[in-house]
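Q:
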Amino acid sequence: MKRLTATLLLATTLLAGPSVASADGLNIVFTHHSSASNTFWQAVKKGFDDACGKVEAKCNMIFTQTEGSVEQQLANMRAALAAKPDVLLTSIVDNKAFDDVIKEARDAGVLVIAVNVDDTEGAKGNARQAFVGQGFKPAGYSLGKAISESFPKEGPIKVLVGISAPGQNWSESRGAGVMQFLEEYKAAHPDRQVSWERIDSGTDLAITSDRVGAYLNAHPDTTAYFDTGFWCAGVARSLQDRGVAPGKVLLGGFDLVPEVLQQMQKGYVQALVDQQPYMQGFMPVMEAYLNKKVGLAPSDIDTGQGIVRSDQADAIMTLSSQGLR
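The sequence shown maps to residues -23 to -1, 1 to 302 in mature numbering (1 follows the signal peptide of the UniProt record, and there is no 0).
Okay, structure coming up:
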């Protein structure tokens, strides 16, 4: 807690005014699993760039060409480490793929912080030194609970859970959290028919729209659709194009990108979970700075699972379009 408090205090100071000290040539590389077209990751990049500017560090964020490509991320990571950076920030979307290269980085004296996605076993599963990001399963559970408040009072509850990236830690864990809530909801309502299915929903708005749209056409009695990312915005578009009224199918997902906030403003999306992408980019740089300047070990930072509803959408849209939420 002391380390986290120190990090937050330093970040607050740096945000409030000009850089207080340079990082003396600190070289930070940030590899992850997303392409440059991913709106969420542009917000992470803004936080990363702003923090690097504050401490005058040399920084580079490397995107994949293909959204979600573990192979491309691994190749990018190896290439970046060949240049001998001081710090590696990276998402760990696969429990095995990055173990060896991160261990090699640690052995070479590189500070390694997982960002956005962690090994499902945390420090036990990977040699990274800290994690800055969301607790995915609790966040999925919170989303399930939030959407359930709008479930109809009578009749069956039929839910579709979209696993945006099957096999990747963040998507599977969020989906597991949603389904854990549904298990508990079913047990608490023995007089109701409560059922759910999972689907490979994809990480592209058009693909998710097509896959989930086809399911909803075949199952018009579906009560709610949960997405493990922001691609429920594509489902909302599909419902609107078909003339389905807002709220007929309840929609929930993650991340406050403009595309999904627009659908929330229209009434098609009932709840979103905010994991604060700007913070995910900014705070690991601060931890790297503290490590270099005063020798503090990096600490885990939970960037939250705040539930956002439609009455907050207008205010958040401005910040989201600026890359701050």
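Built from N, CA and C at the ideal position, the CB exists for glycine as well.
Which class does residue 220 belong to by DSSP, given the choice of helix, strand or coil?
A: Counted from its first residue, the sequence shown places residue 220 at position 243. In this structure, residue 220 counts as coil in the three-state DSSP scheme.
Q: Taking only the alpha-carbon atoms, compute the straight-line gap between residue 76 and residue 103 and give it to the nearest angstrom.
A: As a first step, residue 76 is located in the sequence shown; it is residue number 99 there, counting from the start. As a first step, residue 103 is located in the sequence shown; it is residue number 126 there, counting from the start. Looking at the two C-alpha atoms, the distance is approximately 6 Å.
Q: Taking DSSP as the reference, what is the three-state secondary structure of residue 139?
A: For this step, residue 139 is matched to residue 162 along the sequence shown. In this structure, residue 139 counts as strand in the three-state DSSP scheme.
Q: What are the residues that DSSP puts in a beta bridge with residue 173?
A: Residue 173 sits at position 196 when you count from the first residue of the sequence shown. In DSSP, residue 173 forms a bridge with 136.
Q: Alpha carbon to alpha carbon, how far is residue 71 from residue 162?
A: As a first step, residue 71 must be located in the sequence shown, where it is residue number 94. As a first step, residue 162 must be located in the sequence shown, where it is residue number 185. Straight-line Cα distance between these residues: approximately 30 Å.
Q: Going straight from the alpha carbon of residue 308 to that of residue 168, what length do you get?
A: The chain is shown from -23 up to 302; residue 308 falls before or after that span and cannot be answered.
Q: Going by CA-CA distance only, name the one from 236, 202 and 232 that's closest to residue 225.
A: Locating residue 225 in the sequence shown gives position 248, where the first residue counts as 1. The residue with the shortest Cα to Cα distance from residue 225 is 202.
Q: With a Cβ-Cβ cutoff of 8 Å, do residue 231 and residue 190 count as a contact?
A: Here residue 231 refers to the residue found at position 254 when the sequence shown is read from its first residue. Here residue 190 refers to the residue found at position 213 when the sequence shown is read from its first residue. Not a contact, by the Cβ cut-off of 8 Å.
Q: Given residue 171, which residues of its chain have a CB within under 7 Å of its CB, disregarding the five upstream and five downstream residues?
A: In the sequence shown, residue 171 corresponds to position 194, counting from 1. So the qualifying residues of the chain are 134, 159, 162 and 163.
Q: So what does DSSP say about residue 64, is it helix, strand or coil?
A: The residue given as residue 64 occupies position 87 in the sequence shown. The answer is strand: DSSP assigns residue 64 an E or B state.
Q: So is residue 285 buried or exposed if we call it buried at 16+ other beta carbons inside 10 Å?
A: The residue given as residue 285 occupies position 308 in the sequence shown. Label assigned to residue 285: buried.
Q: Grouping DSSP H, G and I as helix and E and B as strand, with all else coil, what is residue -11?
A: Along the sequence shown, one-based indexing puts residue -11 at 13. The pLDDT assigned to residue -11 is 43, lower than 50, so where the model puts this residue is not dependable, and the model offers no usable value.
Q: Quick check on residue 110: does DSSP put it in helix, strand or coil?
A: In the sequence shown, the residue the question calls residue 110 occupies position 133. In this structure, residue 110 counts as strand in the three-state DSSP scheme.
Q: Leaving aside the five residues before and after residue 80 along the sequence, list all residues of the same chain whose C-beta is less than 6 Å from its C-beta, in chain order.
A: Position 103 of the sequence shown holds residue 80. 104, listed in sequence order.
Q: Does the pairing of the segment 277 to 284 with the segment 114 to 122 give three or more beta-carbon distances under 8 Å?
A: The segment 277 to 284 is in contact with the segment 114 to 122.
Q: In this structure, does DSSP put residue 295 in helix, strand or coil?
A: As a working mapping, residue 295 is identified with position 318 in the sequence shown. The answer is helix: DSSP assigns residue 295 an H, G or I state.
Q: Between which two residues does the alpha helix (DSSP H) holding residue 202 run?
A: Against the sequence shown, residue 202 aligns to sequence position 225. Segment 201 to 204 is the beta strand (DSSP E) holding residue 202; no alpha helix (DSSP H) there.
Q: Which one or two residues does DSSP pair with residue 12 in a beta bridge?
A: Translated into the one-based positions of the sequence shown, residue 12 becomes position 35. Residue 12 pairs with 41.
Q: If you draw a straight line from the alpha carbon of residue 247 to that of residue 144, how long is it in whole angstroms?
A: Start at 1 with the first residue of the sequence shown, and residue 247 comes out as number 270. Start at 1 with the first residue of the sequence shown, and residue 144 comes out as number 167. Computed Cα separation, rounded: 27 Å.
Q: Where do the ends of the alpha helix (DSSP H) carrying residue 271 lie?
A: The residue given as residue 271 occupies position 294 in the sequence shown. Per DSSP, residue 271 belongs to the alpha helix (DSSP H) from 254 to 271.
Q: At 4 residues or longer, what runs of the alpha helix (DSSP H) sit wholly inside the segment 14 to 38?
A: Listed in chain order, the complete alpha helix (DSSP H) runs (minimum 4 residues) inside the segment 14 to 38 are 16 to 32.
Q: Report all residues from its chain with a CB closer than 8 Å to the CB of residue 157; omit the five preceding and five following residues, and keep chain order.
A: As a working mapping, residue 157 is identified with position 180 in the sequence shown. Taken in chain order, the residues that qualify are 114, 117, 118 and 121.
Q: Whole angstroms are fine: how far does the CA of residue 197 sit from the CA of residue 29?
A: Counted from its first residue, the sequence shown places residue 29 at position 52. Counted from its first residue, the sequence shown places residue 197 at position 220. If I take the Cα positions, the gap works out to 49 Å.
Q: Please confirm if the segment 51 to 69 is in contact with the segment 84 to 95, defined as three or more CB-CB distances below 8 Å between the two stretches.
A: The segment 51 to 69 vs the segment 84 to 95: in contact.
Q: Rounded to a whole number of angstroms, what is the C-alpha to C-alpha distance between residue -18 and residue 277?
A: Taking the first residue of the sequence shown as 1, we reach residue -18 at position 6. Taking the first residue of the sequence shown as 1, we reach residue 277 at position 300. Below a pLDDT of 50, predicted positions are generally treated as unreliable, and residue -18, at 41, falls in that range; no measurement from the model is reported.
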